[in-house]
Amino acid sequence: MDRVEFLKGLFSFSIIIPASIMCYLPMKNQLKFSVKKIALLLAGAFVIIATVSSLITVLFNIRTINTVLMPDMIICFLLFRYTVKTDFAKTLFVFLSVICLFSTFSLFTYEIESFYKPEMDYGISFSFDLLFMGISLFFMAILAYPMLKYYSWMIDNIKYKKLWYSFMVLPIIVTLLNIYSIPITYLNLRVGMVGIKALMINSIIFLLYILVFALFYIFSKTTIEKTKLEEQNFMLEIQTSYNESLQTYINQTAKARHDLKHSVHLAQCLLDEGDLDSLRKYLCKYYQALNITAPVRLCSSNAINAVLNYYRQSAIDNEIDITWKINMPPKSEIPEVDFCGILGNLSENAISACKTISEGRKYFDLSIDYKGDYIYIAATNNFCGDLKKSDRGYESTKHKGGGIGLRSMRNMAEVYGGYFEAVDVDNKFCVNMTLKYVDVNA
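To get my numbering, take the position in the sequence shown, counting from 1, and add 2.
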């Protein structure tokens, strides 16, 4: 075996190092282990992968090292997946986007090398690999800050897997286009202005690729911030309503305590006079006056407690029987705003459905419990009428199209690695939902 060719092969496969670094830049807040531990793990893996790959390339005289890089990338992805906490969709998207970038850097290398080299080398080419490494490090230095700040924000805040899977089409298409554009011979690029035009087209595609990412970031940030602001306003309204109910209850109970002495004195006078009918009527009115609905402490979270009391009061006002069993975990990685949104949509739908009943008992049962890593939510309410259902799920009774509340709850179940089911049987609507509240990003 040619030792020099083997060492050239090691350098050729060292492109894995900057590629790995770029994979981890947007994952700065999603690492399972410390940076030191991950670096040691990847260093050991690189030594094994690069050594074996270089040996295979030299011993079998492989003309295209991409043949060896393909299985290497699968191994690298599995290691990458093992060391980060993000779900499969985000992990795969980041990995594919970095592969796309390096395929672009490789195409730049072919196009630039064709200006000063008469023909390309097959197999291991030290001059090509040196230029490829230089171009990769140059662009990595330029893109490091945006990836650390903006790309990492997208990874941390965009939770919908379907969106990541959909956006995954972009790096796949650009990568395939770059592979298709690899020149068979440099002679083709040296004809007239072909090489310069190819370099310009590749540069434009690269800039458009970065621009799409920037637009995706701007759109996502604007949408998420708007949603958060709406949720915060909703929470403030509910908290205000809860505080007003609490203050009303305090004022009513204070008045009741103040009037108690006079009421007892009047009752004693009526009893002494033997006017039992008047006493009975007075006590009945006095009992009704004391029938004050007080906010109750249903869980330890102030925000969730305020939401539950808000809809509890709404149920009481609409004469809906409620049977609620609330057992929340002491600590959860699900943000309160998200959980309040789920309870808000669930309760709003249930109470609206109960309002359709003009005669007979109306009820809304709710159970929240937790076991292991999951929170379990079960809700049942009755309704009157027919529900329309399509391929998208239940249709809204308030507007055309699918029910926004149910769709939102289904999306939340997907975000937090859980399960969602909504069914109706004999004018009874049931919702069953699970949410993973421990280590949701694992």
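All residues carry an ideal CB built from backbone N, CA and C; glycine is no exception.
No Cβ-Cβ contact shorter than 7 angstroms links Met-414 with Ile-379. In the structure shown, the three-state DSSP call for Lys-327 is strand. A contact between stretches requires three or more CB pairs, one per stretch, nearer than 8 angstroms, and the region 89-98 meets this requirement with the region 161-168.
Under the DSSP assignment, Met-135 falls in the alpha helix (DSSP H) whose first and last residues are 128-148. For Ser-349, the enclosing alpha helix (DSSP H) covers residues 338-356. Here Asp-367 is bridged, per DSSP, to Thr-325, Thr-382. For Cys-301, the secondary structure class from DSSP, reduced to helix, strand or coil, is coil. In this structure, the beta-carbon distance from Lys-327 to Ser-369 falls below 7 angstroms. Sixteen is the threshold: since fewer than 16 other Cβ atoms of the shown chains lie within 10 Å of the Cβ of Met-202, the residue is exposed. Annotation: the continuous alpha helix (DSSP H) that includes Val-70 extends over 68-85. Distance from the CA of Ser-105 to the CA of Asp-158, rounded to the nearest whole angstrom, comes to 26 angstroms. Separation of the CB atoms of Asp-371 and Ala-381 is rounded to 12 angstroms, and the pair is thereby denied contact status at 8 angstroms. Within the same chain, Cβ atoms closer than 6 angstroms to the Cβ of Pro-173 are found at Leu-98, Ser-99, Cys-102, the five residues on either side in sequence being excluded. Inside the region 152-240, DSSP marks whole alpha helix (DSSP H) runs of 4 or more residues at positions 154-159, 163-169, 171-182, 188-191, from first to last along the chain. Linking Tyr-152 to Leu-43 through their CA atoms gives a straight-line distance of about 27 angstroms. Judged by beta-carbon spacing, Pro-331 lies beyond the 7 angstroms limit of Met-142, meaning their Cβ atoms are not closer than that value. Setting aside the 5 residues that flank it on each side, Phe-82 is surrounded in the same chain by Cys-25, Thr-93, Phe-97, each with a C-beta closer than 7 angstroms to its C-beta; the list follows chain order.
In this structure, the straight-line span from the alpha carbon of Tyr-312 to that of Ile-220 is close to 35 angstroms. If you draw a straight line from the Cα of Met-411 to the Cα of Leu-345, it is about 9 angstroms long. Per the Cβ contact rule, the region 213-228 is not in contact with the region 183-192 (fewer than 3 Cβ pairs under 8 angstroms).
In the structure shown, Asn-307 falls within a helical segment according to DSSP collapsed to helix, strand and coil. Two segments are said to touch when three or more pairs of C-beta atoms, one from each, lie closer than 8 angstroms; by this definition the region 129-144 does not touch the region 41-57. The three-state reading of DSSP puts Val-37 in helix, counting H, G and I together.
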